[in-house]
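When we follow my numbering, the leftmost residue of the first sequence carries the number 2, and every step to the right adds one. Each residue gets a CB set at the ideal place from its N, CA and C atoms; glycine is no exception. Let me begin by presenting the structure, written as structure tokens, before commenting on it.
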Amino acid sequence: MATVRTRFAPSPTGFLHLGGARTALFNWAFARRHAGVLVLRIEDTDRERSTPEAERAVIEGLEWLGIPWDEGPVRQSERGERYRTAVAELLRKGRAYRCTCTRDELEERRARTIAEGRKWTYDGRCRDAGHGPDCGPHTVRLRVDPDVRLVWDDLVFGPSGQAGSEIGDLIIQRSDGHPLYHLAGVVDDVEMRITHVIRGADHHSNTPFHLALYRALDAEPPAFAHVPLIVGSDGKKLSKRRDPVSVQHYRDEGYLAEALRNWLVRIGWSHGDQEIFSREEIAQLFDLAAVNRSPARAETGKLEWLNQHYIKELPAPALLAELQPFLAAEAGGPVEPDEALARLVDLLRERSKTLREMARLARFLVVPDEALVFDEKAVRKHWKREIDPALADLHASLDALESWNEGDLEKTFEQVCARHQGLALGRLAQPVRVAVTGGAVSPGIYETLAVLGKPRTLARVGRALERIRVA
RNA sequence: GCUCCCAUCGUCUAGCGGUCUAGGACGUGGCCCUCUCAAGGCCAAGACACGGGUUCGAGUCCCGUUGGGAGCGCCA
Numbered sequence: 002m003a004t005v006r007t008r009f010a011p012s013p014t015g016f017l018h019l020g021g022a023r024t025a026l027f028n029w030a031f032a033r034r035h036a037g038v039l040v041l042r043i044e045d046t047d048r049e050r051s052t053p054e055a056e057r058a059v060i061e062g063l064e065w066l067g068i069p070w071d072e073g074p075v076r077q078s079e080r081g082e083r084y085r086t087a088v089a090e091l092l093r094k095g096r097a098y099r100c101t102c103t104r105d106e107l108e109e110r111r112a113r114t115i116a117e118g119r120k121w122t123y124d125g126r127c128r129d130a131g132h133g134p135d136c137g138p139h140t141v142r143l144r145v146d147p148d149v150r151l152v153w154d155d156l157v158f159g160p161s162g163q164a165g166s167e168i169g170d171l172i173i174q175r176s177d178g179h180p181l182y183h184l185a186g187v188v189d190d191v192e193m194r195i196t197h198v199i200r201g202a203d204h205h206s207n208t209p210f211h212l213a214l215y216r217a218l219d220a221e222p223p224a225f226a227h228v229p230l231i232v233g234s235d236g237k238k239l240s241k242r243r244d245p246v247s248v249q250h251y252r253d254e255g256y257l258a259e260a261l262r263n264w265l266v267r268i269g270w271s272h273g274d275q276e277i278f279s280r281e282e283i284a285q286l287f288d289l290a291a292v293n294r295s296p297a298r299a300e301t302g303k304l305e306w307l308n309q310h311y312i313k314e315l316p317a318p319a320l321l322a323e324l325q326p327f328l329a330a331e332a333g334g335p336v337e338p339d340e341a342l343a344r345l346v347d348l349l350r351e352r353s354k355t356l357r358e359m360a361r362l363a364r365f366l367v368v369p370d371e372a373l374v375f376d377e378k379a380v381r382k383h384w385k386r387e388i389d390p391a392l393a394d395l396h397a398s399l400d401a402l403e404s405w406n407e408g409d410l411e412k413t414f415e416q417v418c419a420r421h422q423g424l425a426l427g428r429l430a431q432p433v434r435v436a437v438t439g440g441a442v443s444p445g446i447y448e449t450l451a452v453l454g455k456p457r458t459l460a461r462v463g464r465a466l467e468r469i470r471v472a
């Protein structure tokens with residue numbers, strides 16, 4: 002059996018699209034599973050949109066997601082000669098012909114046909130006109146036998162196909178001499194010896210045309226697998242306007258690549274009841290036969306859960322590294338990781354769905370006392386006049402403490418509470434929490450103070466005391 | 001409009017004629033834990049779109065309706 006060869010063929014749009022990322026992931030997983038090869042091909046025949054930066058963005062997305070390819074990137078923009086040769090060959094064999102119908106004429110005839118309630122296919126006006134090379138501006142059309150059955154057994158959708166008459170003679174080369182996507186794609190797939198074309202279901206109805214192309218090129222078609230589209234939360238096609246569609250967006254929001262990859266692989270595919278898939282498991286278990294046929298909504302609920310799962314599992318050094326840019330954004334500059342930060346990050350794992358959220362919760366530690374931002378609602382609720390004596394007592398007791406650890410801090414809090422008519426711990430802990438973190442949410446109060454250290458704790462509690470007294 | 005495709009809890013899905021009073025996960029609600037928020041534990045609510053067939057028997061097969069998606073470009 003020949004080596005499995007798959008390909009991912011994005012057009013460089015300036016970002017890696019969610020749907021594209023999943024298609025790439027499936028191609029990668031299928032190739033790995035079958036000890037095959039993944040080829041990356043950049044479909045940049047559309048000159049306007051295709052820039053080196055746009056290509057770079059797509060590649061960065063793939064790298065970040067952990068989807069490596071084995072060959073390429075191959076750029077279609079550098080292969081124009083091959084497409085022209087292929088078209089010339091088709092022309093020579095009479096399998097394609099020159100068409101001099103203009104856009105306007107075509108548009109007019111198409112509109113009329115649709116108005117009559119019929120499906121438009123090229124009416125074949127130039128089919129037997131025998132236009133030569135000197136016929137003036139012209140496109141080239143593939144001659145499709147109306148009676149051929151263009152059928153295949155889709156690895157996801159099962160038996161599929163249409164008759165040649167349903168697709169008509171489609172254009173394969175523009176009047177400016179450039180190939181159309183379909184021609185370029187098939188020529189490349191043939192030359193790259195692609196064995197399995199795994200792509201979005203939006204190409205399902207283009208496949209008969211591609212089959213006709215393989216025939217005309219005397220090439221054996223590959224196996225096709227069309228994966229259902231990812232739709233927005235409104236059930237409609239993902240829209241750049243309404244939905245976050247780029248992989249980069251999720252990265253910037255603080256999602257881990259593992260989480261996004263795991264989320265994507267489970268959209269439209271499943272393996273029993275398993276929810277968590279490592280990269281290795283994906284490569285080992287992915288199976289096209291288990292891919293669904295219906296479009297799926299991209300709801301981020303499970304992504305958040307997955308992200309927290311992976312945040313909890315990530316070893317501290319790696320997590321600190323991932324967190325770095327988010328921390329820098331909170332602190333307004335680079336943050337030197339130290340023991341206290343490492344300890345805090347461990348405490349924050351269980352309360353952070355994203356790295357962004359984690360950085361926000363860690364802000365109190367990486368920012369100077371005067372840069373603390375106070376949640377006014379929490380201040381009003383917890384910094385009441387009545388707490389002054391107990392808080393002052395705590396401040397003095399903490400000041401007198403010579404060892405600064407969670408156990409002694411706990412003892413100190415308990416003693417202070419006992420001295421003030423059995424004050425509930427929460428009544429003392431909350432004002433302190435607000436004083437040292439600025440808000441009402443943080444890890445346990447002893448852990449928090451232990452991490453902050455004695456001088457900064459005393460300073461912050463002292464400031465709180467001042468403010469309570471002037472209020 | 002025409003062609004093709006799809007249809008199980010809010011969402012992702014398991015189910016490949018009887019084992020389904022339909023399973024799991026996320027989310028939601030409740031309880032426990034508790035110095036806040038989480039995390040964790042326990043419990044609960046929640047779906048076979050509808051209508052016809054086929055069959056001893058249908059979530060599972062067929063047809064139709066409805067709903068959704070894709071394609072119908074000298075875009076990719």
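Mapping the DSSP letters down to three states, classify W270 as helix, strand or coil. DSSP places W270 in strand when its eight states are reduced to three.
Tell me the DSSP bridge mates of E221? BP columns for E221 are empty, so no partner.
My understanding is that W29 touches I60, with C-beta atoms under 8 Å, so please give their C-beta distance in whole angstroms. Between I60 and W29 the Cβ distance is about 14 Å, and since that is not below 8 Å, they are no contact.
Outcome for H250 when other beta-carbon atoms lying within 10 angstroms are tallied against a minimum of 16: Result: exposed.
Quick one: is the Cβ of E108 within less than 8 Å of any heavy atom of the ligand MG? With respect to small molecules bound, the structure shown includes none, and the ligand MG cannot be examined in it.
Would the segment 306-319 count as touching the segment 246-262 if we require 3 or more Cβ pairs under 8 Å? yes
Who are the Cβ neighbours of H421 in its own chain at under 6 Å, not counting the five residues just before and after it? A391
Grab me the residues of E448's own chain with a C-beta within less than 7 Å of its C-beta, minus the 5 sequence neighbours each way, in chain order. L348 and E407
Mapping DSSP to helix, strand and coil, what is H204? helix
Are the segment 271-288 and the segment 214-225 touching, with three or more C-beta to C-beta distances below 8 Å? Short answer: they don't touch.
On a Cα-Cα basis, can you pick out the residue from D339, I195, A451 and T458 that is closest to V435? Distance from the Cα of V435 is smallest, within the candidate group D339, I195, A451 and T458, for T458.
Counting only the same chain and skipping the five closest in sequence on each side, list residues whose C-beta sits under 7 Å from that of E300. Answer for E300: S234, listed in chain order.
Endpoints, the beta strand (DSSP E) within which A164 is located: G159 to A164
Please state whether the Cβ-Cβ distance between I173 and L91 is less than 9 Å. yes
Inter-residue Cα distance where the pair is D71 and V38: 6 Å
Give the straight-line distance between the Cα atoms of G454 and E340, rounded to the nearest whole angstrom. 11 Å
Identify every residue that forms a DSSP beta bridge with F9. L41
Start and end of the alpha helix (DSSP H) containing W65? P53 to L66
Beta-bridge pairing of I172 - partner residues as DSSP gives them: R142
Can you give me the C-alpha to C-alpha distance between V141 and S206, rounded to a whole angstrom? 21 Å
I277 in three-state terms, based on DSSP: coil
Reference T46; option with closest CA among G81, F365 and P229: G81
Just checking, does the segment 239-250 make contact with the segment 9-23 on the three C-beta pairs under 8 Å criterion? yes
For C100, which residues does DSSP report across the bridge? T140
Jot down the residue ranges of each uninterrupted alpha helix (DSSP H) in the segment 268-340, minimum 4 residues, whole runs only, in chain order. 280-286, 302-314 and 317-332
Is it buried or exposed for T103, if we count other Cβ within 10 angstroms and need 16 for buried? It is exposed - the Cβ of T103 has fewer than 16 other Cβ atoms within 10 Å.
Rounded separation between R175 and C100 - CA only: 10 Å
So, A397 versus R364, is the Cβ gap smaller than 9 Å? no
Under 8 Å by Cβ, that's how I've got T208 and S166 pegged, so tell me the actual separation to the nearest angstrom. The pair is not a contact, with the Cβ atoms about 16 Å apart (cut-off 8 Å).
Check for me: the alpha helix (DSSP H) holding D189 runs from which residue to which? D189 -> alpha helix (DSSP H) spans Y182 to E192.
What are the residues that DSSP puts in a beta bridge with S247? In the DSSP output, where bridge partners are listed per residue, S247 has H18.
Just how far apart, CA to CA, sit R461 and L315? 32 Å
Does DSSP put G81 in a helix, a strand or coil? helix
Count the other CB atoms within 10 Å of the CB of P147; is the residue buried (16 or more) or exposed (fewer)? exposed
Buried or exposed by the 16-neighbour rule on C-beta atoms within 10 Å, applied to A319: exposed
When DSSP builds the beta bridges, which residues end up paired with A226? I199
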